[in-house]
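Enquirer:
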DNA sequence: TATTGTTATACTCTATAACTATA
DNA sequence: TATAGTTATAGAGTATAACAATA
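Residue numbers (my numbering), protein chains in the order written: chain A, 34 to 171; chain B, 34 to 171.
#1: If you draw a straight line from the C-alpha of residue 103/B to the C-alpha of residue 57/B, how long is it?
#2: Going by C-alpha to C-alpha distance, which of 164/A, 168/A and 145/A sits closest to residue 55/A?
#3: With a threshold of 9 Å between beta carbons, is residue 103/B in contact with chain A?
#4: Going straight from the alpha carbon of residue 88/A to that of residue 98/A, what length do you get?
#5: From the DSSP output, in three-state form, read off residue 83/B for me.
#6: Mind checking if residue 154/B is an interface residue toward chain A, Cβ cutoff 9 Å exclusive?
#7: Excluding the five sequence neighbours on either side, which residues of its own chain have a C-beta within less than 8 Å of the C-beta of residue 151/A, listed in chain order?
#8: Quick one: is residue 171/A buried, meaning 16 or more other Cβ sit within 10 Å of its Cβ, or exposed?
#9: In angstroms, rounded to a whole number, what distance separates the CA positions of residue 85/B and residue 125/B?
#10: Who are the near neighbours of residue 142/A in its chain, counting only those whose CB is closer than 7 Å to its CB and skipping five residues on each side?
#11: Relative to the C-alpha of residue 31/A, which residue among 140/A, 48/A, 127/A and 70/A is closest?
#12: How many angstroms separate the CA atom of residue 113/A from the CA atom of residue 137/A?
#13: Give me the Cα-Cα distance between residue 110/B and residue 148/A, rounded to the nearest whole angstrom.
#14: Going by DSSP in three states, residue 114/B sits in which element: helix, strand or coil?
#15: In chain order, what are the residue ranges of uninterrupted beta strand (DSSP E) at least 3 long that sit wholly in the stretch 41-72 of chain B?
#16: In three-state DSSP terms, what is residue 156/A?
#17: By the 10 Å Cβ neighbour count, where 16 or more other Cβ atoms means buried, how is residue 120/A classified, buried or exposed?
#18: Looking only at its own chain, which residues have a Cβ that is under 6 Å from the Cβ of residue 132/B, when we skip the five neighbours before and after it?
#19: Starting from the beta carbon of residue 50/B, find every residue of chain A whose beta carbon is closer than 7 Å, and list them in chain order.
#20: Can you give the Cα-Cα distance for residue 105/A and residue 51/A, rounded to whole angstroms?
#21: DSSP on residue 38/A, reduced to helix/strand/coil?
#22: Could you give the DSSP three-state label for residue 151/B: helix, strand or coil?
#23: So, at 6 Å on beta carbons, what are the nonlocal neighbours of residue 116/A in its own chain, with the 5 sequence-adjacent residues on each side left out?
#24: Buried or exposed: which applies to residue 36/B, given that a residue is buried once 16 or more other Cβ atoms fall within 10 Å of its Cβ?
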């Protein structure tokens, strides 16, 4: 339809379009099992770091402290995480048994998504994608 | 701080983080010359497709028709684009002289941004990034 | 009948400021 | 004095529905 060539030659543009398209795809897949992409990401991070705090999670994922509140409340209300005091100021977060079951579903969906994602990349480029991407933001 | 390993091994996660980080960077750079990232993108697309329509631009960039209205109004109010009727239903969009001057600035900023972006990618991965990304969404 | 451009509005996501309590 | 958790709210960005006019 339109000439999009000068945009398509820009890695930054391709990066945004690819991220938007794939995030929309994964969001739709996770919606089918009733969980949001951010929530699933937080859940995975907590599972690998039992006893971590809201602040620590927020720092790693670049989520503001204030925005962690309703997010963790959702996970707690859904019975996926539980909190217990570390001291009188902080509280440690852990994934519940129910959360682990849900996490198994999440991991299945994500594994399938990631497999189909990487399959779309021509073989000779495949192994370069992850290191190239991580070099861009880490 | 936290163990982020299982997330970092997911191309989809790395893709989102890389896109968010680089988009924030470019947004800040373009802000210094007083233009938004979306507006700059639309301006580039119109420049390469003089006489195109609002609908056509929206379709290529996945922007809803309704959201094109205030966007094009901004560009028009800034004197960067002009519209003239194609028939009594559609109108063709073109970049004005002032728009072309602004576009030169935009291209300079973006070229610098893209150069620094690709420099962060280890050399052996560099040539693989663009084709891998475009394979993901095109 | 489908498309263009538009208006108005709802919704989601994120950012900011301020506050309390505790390390 | 800095940090953790929280509340309330503002703002930006996007989505949805409806409309008139024209192809």
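Beta carbons: idealized from backbone N, C-alpha and C, even for Gly. Given the structure is predicted, the values throughout are model-derived calculations rather than measurements.
Expert: Considering the structure as presented:
#1: 22 Å
#2: 145/A
#3: Cβ-Cβ to chain A under 9 Å: no for residue 103/B.
#4: 6 Å
#5: coil
#6: yes
#7: 159 and 162
#8: By the 16-neighbour rule on beta-carbons within 10 angstroms, residue 171/A is exposed.
#9: 5 Å
#10: 62, 63 and 66, listed in sequence order.
#11: Residue 31/A is absent from the structure shown; chain A starts at 34 and stops at 171.
#12: Take the alpha-carbon of residue 113/A and the one of residue 137/A: they are about 12 Å apart.
#13: Each residue's Cα considered, the two are about 46 Å apart.
#14: Looking at residue 114/B - three-state DSSP - the assignment turns out to be strand.
#15: Whole beta strand (DSSP E) segments, 3+ residues: zero.
#16: helix
#17: exposed
#18: 113 and 114
#19: Near residue 50/B (Cβ distances below 7 Å), the residues of chain A are 170.
#20: 28 Å
#21: Of the three classes helix, strand and coil, the one that applies to residue 38/A here is helix, per DSSP.
#22: helix
#23: 124 and 126
#24: exposed
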